[in-house]
Structures are given as structure tokens and as C-alpha cells.
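Please read the structure below before turning to the comments.
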Amino acid sequence: MASKLVNVRTLDQLAKVMPAPADADRDAMQAVLDQFPVRITRHLLDLMQRSPAVAAQFLPDTREVTTLGQDKCFSGLLELDVPGLERMYPDRVIIMPHHACPAYCRFCFRKFYEHHSGSTMSYDDLDRALGYVAARPEIREVLITGGEPVMEPKRLRHLLAGLRRIAHVGPIRLACRSLIMAPELCDDALLEMLAAHQDLAAGKPLEVALHANHPDEITAPTIERLVALRQRGIHVYNQTVLLRGINDDAEILRALFEALRRYGVETYYMFLGGPVRGMDHQRPTIADGLALKRALRRHASGRANPHFIVTTRLGKVEIGVDGEIVAREADGRHVWIRTPYTLAGFRAVSPRFELPDDARLDDAGYIVMRYLDGPSEES
Ligand code: SF4
272 MASKLVNVRT LDQLAKVMPA PADADRDAMQ AVLDQFPVRI TRHLLDLMQR
322 SPAVAAQFLP DTREVTTLGQ DKCFSGLLEL DVPGLERMYP DRVIIMPHHA
372 CPAYCRFCFR KFYEHHSGST MSYDDLDRAL GYVAARPEIR EVLITGGEPV
422 MEPKRLRHLL AGLRRIAHVG PIRLACRSLI MAPELCDDAL LEMLAAHQDL
472 AAGKPLEVAL HANHPDEITA PTIERLVALR QRGIHVYNQT VLLRGINDDA
522 EILRALFEAL RRYGVETYYM FLGGPVRGMD HQRPTIADGL ALKRALRRHA
572 SGRANPHFIV TTRLGKVEIG VDGEIVAREA DGRHVWIRTP YTLAGFRAVS
622 PRFELPDDAR LDDAGYIVMR YLDGPSEES
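By the working numbering, the letter at position 212 of the sequence shown is numbered 483, and the numbering carries on one by one without gaps.
As C-alpha cells, this is what we get:
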């Protein structure tokens, strides 16, 4: 597998995958490479030759070195004392068994986490995470994410087997962008292992979360693996990240969602690209996202119409459904978003939870979060 990954740390290595930067930009580009790893799979390299939309998601850009934006776009609560275990809500936890990916998306909201250093949960940490879940019957659902969990299939099997022994855990969701980035990682052996940890009759489904952003990503190898998953009875749902200049176009999105639907993939979420530091150039605005959502409602089947989501540091908000923009600051960029979350809700998970500096409560007790919107044409 390692031979199929291309790591780029120097300008000479970079020149093998993209045109060399102009002389004036060489130092800035080296600063990007020093700060943020660049990794691309052979599958993506081939794809990038014919798809600028794919290339723009994985190739570095000198604009990444800036102070604008956030290093931590997701709070991930709370005093859990187990590396790789996160919890925001009473009934769900997140477990991240492996923190690296076969390729690194430049817009990743975990870009500044340790995961790009490739750290992995030890078996002892996995067992501590399993113990945490087993001791709390209110936890009914687990999301396994990362990084890419399928890069460590033995750890993944250990985790799935342990979770399946916990009576109160029902659905397990598995985030997997390798279906797009390196389909060969999702070989038959892996899919058989996943299927063996699904027991629908017992109310214990396993669901795979795909992350596809552009129709160019839906290649023959990806389709073949999606079909193989579906034929094994595993549900697949997709989460798209809206990115300026890449997929912020209703026709592109419609083509993507229709393609996914043909192969049995539920088009579930369309996230606004988050306020990740250094990624302003790829961020649409909330208004852009709402306009795209409206266009999709007009021109695509409701079955191919995902929820449009803005992700604040304390969780997802569906603008106009369970939250709204309540104020915009004079800079035109920062907005305040009423979320569906309450202080009491987070304190039920972590009694010592305190509101972060960029949050306040409204009169009804809902948390209102400050959020950096994408740059509009005027800003
Ligand atoms: S695959 Fe997911 S976790 Fe990995 S770099 Fe891309 S967005 Fe981040």
C-alpha cells in the first residue's frame, strides 16, 4: 500500500506532481510544505491529470500560510482522557483509531490536529475507548473516523468486534474517503470484515460514510467498490464539502448527487467548507450554500437533495431548520449563528463544560456561536 502513496516534502518532489511555483513564491510554497503535509495517492494523481477540480482539493497553495481562520474548527469535547475518543452528545461518540489518511485534503477541518503526523490509537487506548462506551448505556451510536480507519484494518476489526459485544450500541458509522482516494484499500477482504460486523436483525447496522465532492471522483474503481459494498448489504451515505471554484455550481452538484444515487448511495449532507485557517480561497459563503440548496430543490429529485449544513465549533446547524444567522458584524465576515444546542445539553455530557469565548446564550437558552463566513465578492 505504501508504494501507492506520494509524500511531498520538498519543492523538487512537488515539481513531479504540479507546475513549479514562480521564483517569487518558492519560499512561501516551502513554508506550506513545512507546515502541512502533502500526500496524494497514485489513483488521485492519475485523476488530477484530467480533473482540475480534483487537483485543487489536494495540491498545496501558497495562500495556506495565513493567520485568517481557525486551527480547531471542532470542539470535540471533553475531558475524556482517551486519545482518539471524542464526545459531544449524550447518545453518540466518535472514535478515531488512525489519524493519517492516504491523501490529505487541503480543506480538512482536522488539518491542524495531530492526525497528519500519522499517530494511531494503541490497542490499550482502543480498549479504554470500548470500556468508556460499555460503561455508558446511553451511548447508542458510534462514529469511527479519523484520519482513515481502513488504513489500519486490524485495529478497525478489533474496534468493530469490541463494539458489537456492547449490547446497547446499535448503528456504527464508518467514515471512508478511501473509496474516492484509494479504492484498492477497500478490497474484498475488508468488505467481508465490515459485513461480518453488521447484524441488521439485531438492530446493529454498519453504515459507511463516503465523502465525494465532484462527479470526476466517481470513477470506475470507485463505482465497483460502492457496488460491492451495497451488494454486501452495507448502507452508504455521502457527505459533500462545498468548495469555491470546485463544486459550488448547481449543475456539478446535481451531476454528483445523481451519479451517487445510481449506485445506491444516499446523498445525506452538503457541508459548507469550514473556516480552516489558510483555506479562505476555497470557501463559499453561507448565502452561496443556501442558493445552491434552493437550486437543487428546483432541479433535482428530492431523493438526491442533501441537507445543507454549517458546522460550528460546537456542532452542525441546518440554517433555516434548526438554526439561523442572528447577526452579522461590521467586518461583513463574522456572523452569529443560533444553534440547536444548549448549555444543559453539553453539561449532561461534561458537567464542567463552559461556553467558549466565541459563544453566548440567547434568551431561550440556545447557544449562539460566532462564525467566520466565507468571503463574498465584496469583502
Ligand atoms: S480524508 Fe477526511 S480526514 Fe482525511 S484529510 Fe480528507 S477530509 Fe481530512
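All C-beta atoms, glycine included, are put in the ideal place defined by N, C-alpha and C.
These figures come from a predicted structure and were not determined experimentally.
First and last residue of the uninterrupted alpha helix (DSSP H) at residue i
i: G616; result: 614-620
i: F528; result: 521-533
i: L434; result: 424-435
i: K564; result: 557-570
Proximity test, residue i beta-carbon vs the ligand SF4 heavy atom, cut-off 7 Å
i: C344; result: no
i: C457; result: no
i: H429; result: no
i: Y375; result: yes
i: V418; result: Going by the sequence as given, residue 418 is Gly instead of Val. Indeed, a heavy atom of the ligand SF4 lies less than 7 Å from the Cβ.
i: R448; result: yes
i: R548; result: no
i: H506; result: no
i: H482; result: yes
i: R444; result: no
Identity of the residues DSSP links to residue i by a beta bridge
i: R631; result: V639
i: R280; result: BP columns for R280 are empty, so no partner.
i: T538; result: N509
i: E660; result: Past the edges of the chain, shown from 272 to 650, lies residue 660, and the structure says nothing about it.
i: D470; result: K475
i: E605; result: In the sequence under discussion, the amino acid at residue 605 is His, which differs from the Glu named in the question. Answer is L643.
First and last residue of the uninterrupted beta strand (DSSP E) at residue i
i: G544; result: That residue, G544, is in no beta strand (DSSP E); it is neither H nor E in DSSP.
i: L456; result: Taken as a continuous stretch (DSSP letters only), L456 belongs to no beta strand (DSSP E), as it is neither H nor E.
i: F624; result: Taken as a continuous stretch (DSSP letters only), F624 belongs to no beta strand (DSSP E), as it is neither H nor E.
i: K587; result: 586-588
i: H578; result: 578-583
i: R480; result: Strictly speaking, residue 480 in this sequence is Ala, with Arg absent from that position. Run containing A480: 477-481, per the beta strand (DSSP E) assignment.
i: V597; result: 595-599
i: A446; result: 443-446
Interface flag, residue i vs chain C, CB-CB below 8 Å
i: K382; result: The chain inventory of the structure shown lacks chain C, comprising one protein chain alone.
Any non-hydrogen atom of the ligand NAD within 7 Å of residue i CB
i: R381; result: With respect to small molecules bound, the structure shown includes the ligand SF4 and not the ligand NAD.
Go through the region 287-351 residue by residue and report every complete run of the beta strand (DSSP E) that reaches 3 residues or more, in order. The qualifying runs are 309-312.
Any chance the region 352-362 sits against the region 596-606, with 3 or more Cβ pairs inside 8 Å?
Put simply, the region 352-362 does not touch the region 596-606. Fewer than three CB pairs are less than 8 Å apart.
**Segment contact flag, the region 524-538 with the region 622-636, C-beta cutoff 8 Å, min 3 pairs** = In this structure the region 524-538 does not lie against the region 622-636, because fewer than three pairs of beta carbons, one per stretch, are closer than 8 Å.
Query raised in the report: At which residue ranges does the region 488-522 contain complete alpha helix (DSSP H) runs of 4 or more residues, listed in the order of the chain?
Result: Counting only runs of 4 or more, we get 491-502.
What runs of the alpha helix (DSSP H), each 4 residues or longer, lie entirely inside the region 353-422? Here the runs fully enclosed are 394-405.
Does the contact criterion of 3 or more C-beta pairs under 8 Å hold for the region 449-457 versus the region 401-415? Verdict: no, contact absent.
Three CB pairs or more closer than 8 Å across the region 635-643 and the region 602-618: Contact between the region 635-643 and the region 602-618 is present, because at least three Cβ pairs lie under 8 Å.
Does the region 557-575 come within contact of the region 316-325, defined as at least 3 CB pairs closer than 8 Å?
Result no; under three Cβ-Cβ pairs closer than 8 Å.
(Q) So, does the region 273-286 touch the region 333-346, judging by three or more C-beta pairs under 8 Å? (A) Between the region 273-286 and the region 333-346, the count of C-beta pairs closer than 8 Å stays below three; the two stretches do not touch.
**Request:** Flag this pair as touching only if the region 399-408 and the region 430-448 have three or more C-beta atom pairs under 8 Å; answer yes or no.
**Result:** Cβ pair count under 8 Å is three or more, so yes.
Is the region 538-545 touching the region 571-578 in the sense that three or more CB pairs, one from each, lie closer than 8 Å?
Taking a contact to require three or more Cβ pairs closer than 8 Å, the region 571-578 and the region 538-545 qualify as touching.
- How about the region 480-490 and the region 324-339: do they share at least three Cβ pairs that are nearer than 8 Å? Cβ pair count under 8 Å is three or more, so yes.
Original post:
Any contact of the region 463-479 with the region 499-506, i.e. 3+ C-beta pairs under 8 Å?
Top reply: In this structure the region 463-479 touches the region 499-506; the number of beta carbon pairs closer than 8 Å is three or more.
message: Does the region 514-527 come into contact with the region 292-300, if we say contact requires no fewer than three beta-carbon pairs (one atom in each stretch) closer than 8 Å?
response: No: the two stretches stay apart, fewer than three of their Cβ pairs being nearer than 8 Å.
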